[in-house]
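Trainee: Take the sequence shown: its position 88, counted from the start at 1, is 88 in the numbering used here, and no numbers get skipped. No residue lacks a Cβ here, since even glycine has one placed at the ideal position from N, Cα and C.
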Amino acid sequence: QWLSTPDEDRRVVWLVEPFRLSSPERFSKPMNFVMNTEDDKIKTLNAFVHYAFQSTGDDFLYADLQGSLAKMMNGSIGIVLFDPMTHSGAGDSGVGDEGPQAHELYATQHVCDEFCDDLGLNPLLE
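1. Is the beta carbon of P84 closer than 8 Å to that of D161?
2. With DSSP collapsed to three states, give me the class of T86.
3. With DSSP as the reference, identify every bridge partner of G67, one or two as the case may be.
4. Tell me whether L45 is buried or exposed, calling it buried when 16 or more other Cβ atoms sit within 10 Å of its Cβ.
5. One question on the structure: do Y62 and T37 come within less than 8 Å of each other, judged by their Cβ atoms?
6. Grab me the residues of Q109's own chain with a C-beta within less than 8 Å of its C-beta, minus the 5 sequence neighbours each way, in chain order.
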């Protein structure tokens, strides 16, 4: 949500987020993509990263995922991700983008689970 002051001359703008229900949890690191677990929320994130990578032609890779529990707009409780970083094929998506080196590392570290299988995602290594 964006909040601003009524004083137009000052042009002060604040970025406000809803109260978090829990402390942030880190699911992956900038160059560590291992998310092996039996927890369905982490399996979902694992498959999401794989899906995003595959759907961009193996060009765009989410990394450094962290989030916390929050109340969704429909009233349910879910995980809100924030402050992710990315690795792109060109290595120019932002600070910390390690480009193809990160893609190669991801391919060796990622372990598909049933969520990846259910989405019909291709294995990263043959």
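Mentor: Result, derived from the coordinates:
1. With the chain running from 1 to 126 in the structure shown, residue 161 is simply not present.
2. By 1-based counting over the sequence shown, the position of residue 86 is 86. It is a strand residue.
3. Counting from one through the sequence shown, the residue named residue 67 turns up at place 67. Note: G67 sits in a beta bridge opposite E25 and L81.
4. One-based indexing of the sequence shown puts residue 45 at position 45. For L45, the number of other beta carbons within 10 angstroms of its own is at least 16, and it is reported as buried.
5. Residue 62 sits at position 62 when you count from the first residue of the sequence shown. Residue 37 sits at position 37 when you count from the first residue of the sequence shown. Cβ distance not < 8 Å, so Y62 and T37 don't count as in contact.
6. Here residue 109 refers to the residue found at position 109 of the sequence shown. Cβ within range, chain order: N32, F33 and V34.
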